[in-house]
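Which chain is which? The protein sequence lines are A and B, in order.
Count along the first sequence from 1, then add 5; that gives the number in our numbering.
Count along the second sequence from 1, then add 3; that gives the number in our numbering.
Glycine is no exception: its CB is placed at the ideal position from the N, C-alpha and C atoms.
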Amino acid sequence: MNRALYAAATGMAAQQQTLDTVADNLANVDVAGFKRATATFAALGDGLGTAPAGLLRSFEQGKLEKSGGPCDLAIEGAGFFRVERDGATAYTRAGAFSRAADGSLRDAEGWRLHGIRIPADAVALDVRPNGTVVARLPGNASRTLGRIELAQFDAPERLQPLGSALFAATPLAGKPRMVAPGGPHGPALAFGALEHANVSIYASMIEILTAQRAYEANAKAVQASDEMLRIANNLHRG
Amino acid sequence: MDGIQLMAQAMHAARARLEISASNLANVSSTAGFRRSVARVHLGPEGLSVSSAADTKPGPLERTGRSWDVAVAGNGAFSVRGTGGAIESERSASFVADGEGVLRDERGRALLGLRGVVRAGWADAVDARGVVRDASGKAVEQLRLAPGTSLRSGFLERPNVDAVREMVDVLAAQRAFESAQKTLSAIDDTRAKAVNELAKVSG
């Protein structure tokens, strides 16, 4: 009976972890560039229950939406923007950039986008689907400032999250490959748009309901094995 | 066979059934590709014994949207190489590239094509017949499939556990345990009477 007790307890813990993960996904449903996670589990074998096997992040494309922000960018396809965070390179798909006084483009958390410096007299920016950044200057002049390149990983799932939508490279994720957007099969940039979190509220709701009922079922199995122990203890009536 | 022994075996059997249901329930919605165990109780000359067998009925497919979440629709299997080198068949797995780019499942087993292990760097997607294509749509590899296998990329097979049936089994096991215990107590009472009262000298 102890086996049944412990197996059911692993089931309750698994549902708890599923709920935690879904709650985190829902909390970030409005964060541009957020990627949802799923708690994964592996059976323990020999009827011992289940054990957590880590979080798996889904890098499925989020919906693009016109945002109208003067420096907003969204990636359509695989890849990450490279930003400088405390001297190290970090990777993000959150493209809500804004101009800073020092001429850099900074994301919503204030980290600097690699490789682009905007002249102080630029009136507006334009970013082509192939990543070319053009500054419009006073008097109908314009100047090309450079090209935004994207980093791709063999296993983006293995990147280390640094907050909601920012990631650090890890050896398991593989070496970052730099790709220029706008190729025939590669990623493209959308200017004036943002990528929504790839979280579906409806799917999350169903996950919550399922987890809740599964938790209850496992709790009942705990009760049943407890009841058996009680009966067994009452066999001996002195 | 002695009645008390038989009832003790019945209590053991009920406990084993509960253990199996509890393990099925622990994996009810969370463990991809899990197969439920079915308890079988046999009555032989040695009394009651319980064995378990895996229920091979496929579980429902759930859309995940990750291109390297792969599941088999209907019958069939694909091949993976275990960490010990043995080739095993599998029906549903989340493949993630390791540090060398080799696609591996949750248990570290590498996805196999006809030319060896499959690498993520050049492989972008897999179609229903197991053809692996790169980003430009060019076929670069063919997965090793059992004959007649139809793959679904972006799907995982959920456990084939039905929570309702398991809950009924939990209840049934619990009640079977109780009735065995009641019968055991009744036999015990009868014997107590025989020992303590039949032999009593009246008067």
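Next item on the list: Within its chain, find whatever has a CB closer than 7 Å to the CB of residue 158 (chain B); leave out the 5 residues flanking it on each side and keep chain order.
Entry: 64, 65, 66, 67, 72, 74
Notebook entry, point to check: Using the rule of at least 16 other Cβ atoms within 10 Å of the residue's Cβ for burial, across every protein chain shown, is residue 94 (chain B) buried or exposed?
Noted result: buried
Next item on the list: Mind checking which residues open and close the alpha helix (DSSP H) that includes residue 179 (chain B)?
Entry: 166-196
Item checked: One or two residues paired with residue 186 (chain A) in a DSSP bridge -> DSSP output for residue 186 (chain A) lists no bridge partner at all.
Notebook entry, point to check: Does the distance from the CB of residue 118 (chain A) to the CB of residue 130 (chain A) come in under 8 Å?
Noted result: no
Next item on the list: Determine the DSSP secondary structure at residue 153 (chain A), reduced to helix, strand or coil.
Entry: coil
Note to self: Quick test of your reading: residue 26 (chain B) and residue 12 (chain A), contact by CB under 8 Å. State the CB separation rounded to the nearest angstrom.
What the structure shows: 4 Å
Checklist line | Sequence-distant residues of its chain with Cβ nearer than 6 Å to residue 212 (chain A) (five each side left out) | finding: 27
Note to self: Below 7 Å on C-beta distance, what does residue 57 (chain B) contact in chain A?
What the structure shows: Those within 7 Å of residue 57 (chain B) in chain A number zero; the least Cβ separation is about 11 Å.
Next item on the list: Compare the C-beta of residue 181 (chain B) against all C-beta atoms of chain A and say whether one is closer than 8 Å.
Entry: yes
Next item on the list: Pull up the distance between the alpha-carbon of residue 71 (chain A) and that of residue 98 (chain A), whole angstroms please.
Entry: 15 Å
Check: Among the residues of its own chain, which have a CB less than 7 Å from the CB of residue 62 (chain B), if the five just before and after it don't count?
Finding: 160, 161, 162, 163
Item checked: Cβ contact (3+ pairs, closer than 8 Å) linking the stretch 180-188 of chain A and the stretch 46-62 of chain A -> no
Next item on the list: Look at the Cβ atom of residue 166 (chain B), then the Cβ atom of residue 219 (chain A), and state whether they are nearer than 8 Å.
Entry: yes
Item checked: Per-residue burial, residue 165 (chain A) [other beta carbons within 10 Å of its own, 16 or more giving buried] -> exposed
Next item on the list: Tell whether a beta-carbon distance below 8 Å holds between residue 155 (chain A) and residue 80 (chain A).
Entry: yes
Checklist line | Exposure label - residue 33 (chain A); buried when at least 16 CB within 10 Å | finding: buried
Next item on the list: Would you mind listing the beta strand (DSSP E) stretches within the stretch 44-99 of chain B that are 3+ residues and don't spill past its ends, in chain order?
Entry: 50-57, 64-66, 72-76, 81-84, 90-93, 95-97
Next item on the list: Could you check if residue 185 (chain B) is buried or exposed, using at least 16 other CB atoms within 10 Å of its CB as the buried criterion?
Entry: exposed
Checklist line | Beta-carbon neighbours of residue 68 (chain B), restricted to chain A and to distances below 7 Å | finding: 63, 65
Check: In the structure shown, what three-state DSSP assignment does residue 228 (chain A) receive?
Finding: helix
Item checked: Span of the alpha helix (DSSP H), counted from its first residue to its last, around residue 20 (chain B) -> 6-29
Check: Straight-line CA distance for residue 237 (chain A) to residue 30 (chain B)?
Finding: 27 Å
Notebook entry, point to check: Under a three-way DSSP split, which group does residue 16 (chain A) fall into?
Noted result: helix
Margin query: Distance check for residue 197 (chain A) and residue 132 (chain A), CA to CA, integer angstroms please.
Written below: 9 Å
Check: How big is the Cα-Cα spacing for residue 189 (chain B) and residue 58 (chain B)?
Finding: 37 Å
Margin query: Check whether the stretch 81-91 of chain B and the stretch 35-48 of chain B are in contact - that is, three or more C-beta pairs closer than 8 Å.
Written below: no
Next item on the list: Would you identify the three-state DSSP class for residue 310 (chain A), choosing helix, strand or coil?
Entry: Not covered by the structure: residue 310 (chain A). The range shown for chain A is 6 to 243.
Item checked: Option nearest residue 157 (chain A) by Cα separation, candidates A:210, A:189, A:96 -> A:96
Note to self: Is there a Cβ of chain A sitting closer than 8 Å to that of residue 184 (chain B), yes or no?
What the structure shows: yes
Item checked: Contacts that residue 225 (chain A) makes with chain B (C-beta to C-beta distance below 9 Å) -> 28, 170, 173, 174
Check: Can you find a C-beta in chain A that's less than 8 Å from the C-beta of residue 47 (chain B)?
Finding: no
Notebook entry, point to check: Listing by chain order, which chain A residues have their CB less than 7 Å from the CB of residue 177 (chain B)?
Noted result: 229, 232, 233
Checklist line | Cβ-based contacts, 8 Å cut-off: residues of the stretch 187-206 of chain A near chain C | finding: Absent from the structure is chain C; the protein chains it does hold are A and B.
Margin query: Just to make sure I have the definition right: I need the residues of chain A whose C-beta is within less than 7 Å of the C-beta of residue 23 (chain B). Which are they?
Written below: 52
Next item on the list: Output yes or no for whether 8 Å exceeds the beta carbon distance between residue 129 (chain B) and residue 148 (chain B).
Entry: no
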